[in-house]
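Q: First the structure, which I've put down as structure tokens, then a few questions once you've had a look.
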Amino acid sequence: MSKLQDVENAVVSGKSKLVAGLVQEALDEGCSAPDILNGMINAMGIVGERFKKNEIFVPEMLVAARAMKKGVDVLKPHLASGSAGVCGKAIIGTVAGDLHDIGKNLVAMMIESAGFEVIDLGVDVPVEKFIETVKANPDVKIVGCSALLTTTMPALKSTVEALNAEDFRSHIKVMVGGAPITQEFANEIGADAYTPDAASAAQKAKELVA
Ligand code: B1M
1 MSKLQDVENA VVSGKSKLVA GLVQEALDEG CSAPDILNGM INAMGIVGER
51 FKKNEIFVPE MLVAARAMKK GVDVLKPHLA SGSAGVCGKA IIGTVAGDLH
101 DIGKNLVAMM IESAGFEVID LGVDVPVEKF IETVKANPDV KIVGCSALLT
151 TTMPALKSTV EALNAEDFRS HIKVMVGGAP ITQEFANEIG ADAYTPDAAS
201 AAQKAKELVA
């Protein structure tokens, strides 16, 4: 079995102690960091499908997420290459009520790699926290909001609407993303950009400040 498949299987079964070593072995064997990352993203898709079919439950999703994080830690130096800060500051967070952070962390990592200094507000971020962080950092250029649940799409909407109502809005660009988010939804709530994945988020962030 290929090393990539081993990594994917270890993430699916939540073997966090094995994943870091397997990722390193895959790198040593010449697998590219983006390929390994895509393998782990696929693995989370499999986990999600199993959860949907009631074959596994929240604890299993949690251990798979932990395992993926261990793998991403090993990949990080191979994915992030830019000099942080040359493009300015970006704030990123997962909206209120939502605890999913793997995708948000990948977006933060790729945006940092694209040359931004990233202020990561974490998960379950209330609207007020986004706003006060922009006010405390007047040089912020991008605010990125992530939402992974259909039930937190309204929180994404209210976050973007609250940002849109602020005086600083003309100086910042608002980016949104996450599995249930679409371009149509982004347009509807008044975001400047939607991107489907972390690599395109980094590319778009650079375009928005160019
Ligand atoms: Co949750 N969960 N979860 N979960 N979970 C999903 C999202 C789900 C699709 C699973 C399923 O049913 N198939 C489902 C949502 C269904 C829906 O809303 N329609 C779901 C559910 C229901 C839940 C709970 C409600 C379960 C429960 O308690 N009964 C609960 C909610 C908790 C809460 O948030 N309040 C819950 C909890 C959890 C865990 C905590 C156990 C864990 C998260 C751990 C963590 O993140 N630290 C978890 C996990 C792991 C998942 C799945 C399996 C994997 C998510 C993930 O990390 N994917 C997920 C199923 C799935 O995604 N197929 C699922 C990998 C990641 C790289 O992808 O996050 O999509 P993603 O990010 C991508 C893009 O979306 C994009 O770029 C990223 C990288 O390419 N992107 C952006 C993301 N943010 C962006 C921002 C941008 C631009 C792009 O600009 C700013």
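For the sequence shown, the positions run 1 to 210 when UniProt numbering is used.
Ideal Cβ placement from N, Cα and C applies to all residues, glycine included.
#1: Please report how far the alpha carbon of D98 lies from the alpha carbon of A10, in whole angstroms.
#2: Relative to the ligand B1M, is the shortest distance from any of its heavy atoms to the C-beta of F116 smaller than 7 Å?
#3: Do D101 and the ligand B1M come close, with the Cβ less than 7 Å from some heavy atom?
#4: Give me the Cα-Cα distance between M109 and A80, rounded to the nearest whole angstrom.
#5: Excluding the 5 residues preceding and the 5 following G88 in the sequence, name in chain order all residues of the same chain whose CB lies nearer than 8 Å to its CB.
#6: Taking the alpha-carbon positions, what's the A33 to A193 distance?
#7: Does the beta-carbon of D98, which I'm using as the reference point, lie nearer than 7 Å to any heavy atom of the ligand B1M?
#8: Determine the extent of the alpha helix (DSSP H) in which D28 is found, giving its start and end residues.
#9: Rank T151, A191 and L149 by C-alpha distance to the C-alpha of V160 and give the top, closest one.
#10: Looking at the structure shown, is A90 part of a helix, part of a strand, or coil, going by DSSP?
#11: Where does E49 fall in DSSP's three states?
#12: Looking at the secondary structure, which residues open and close the alpha helix (DSSP H) in which D73 lies?
#13: Hey, residue 214 and G177: beta-carbon distance below 8 Å or not?
#14: Taking the alpha-carbon of G30 as reference, which of L4, A20, G14 and I46 has the nearest alpha-carbon?
#15: Go to E188, then tell me how far its alpha helix (DSSP H) extends in each direction, as first and last residue.
#16: Please classify K204: is it buried, with 16 or more other beta-carbons within 10 angstroms of its beta-carbon, or exposed?
#17: Using the DSSP secondary-structure output, state which residues sit across from A193 in a beta bridge.
A: Let me lay it out:
#1: 25 Å
#2: no
#3: yes
#4: 7 Å
#5: Once the five neighbours on either side are set aside, the close Cβ partners of G88 are F116, E117, D139, V140, K141, I142 and V209.
#6: C-alpha separation (whole angstroms): 26 Å.
#7: yes
#8: S16 to D28
#9: Just measuring C-alpha positions, the residue of T151, A191 and L149 sitting nearest V160 is A191.
#10: strand
#11: helix
#12: It spans V58 to L79 - the alpha helix (DSSP H) in which D73 sits, taken as one unbroken run.
#13: With the chain represented from 1 up to 210, any question about residue 214 goes unanswered, as that position is not in the structure.
#14: L4
#15: Q183 to I189
#16: buried
#17: M175
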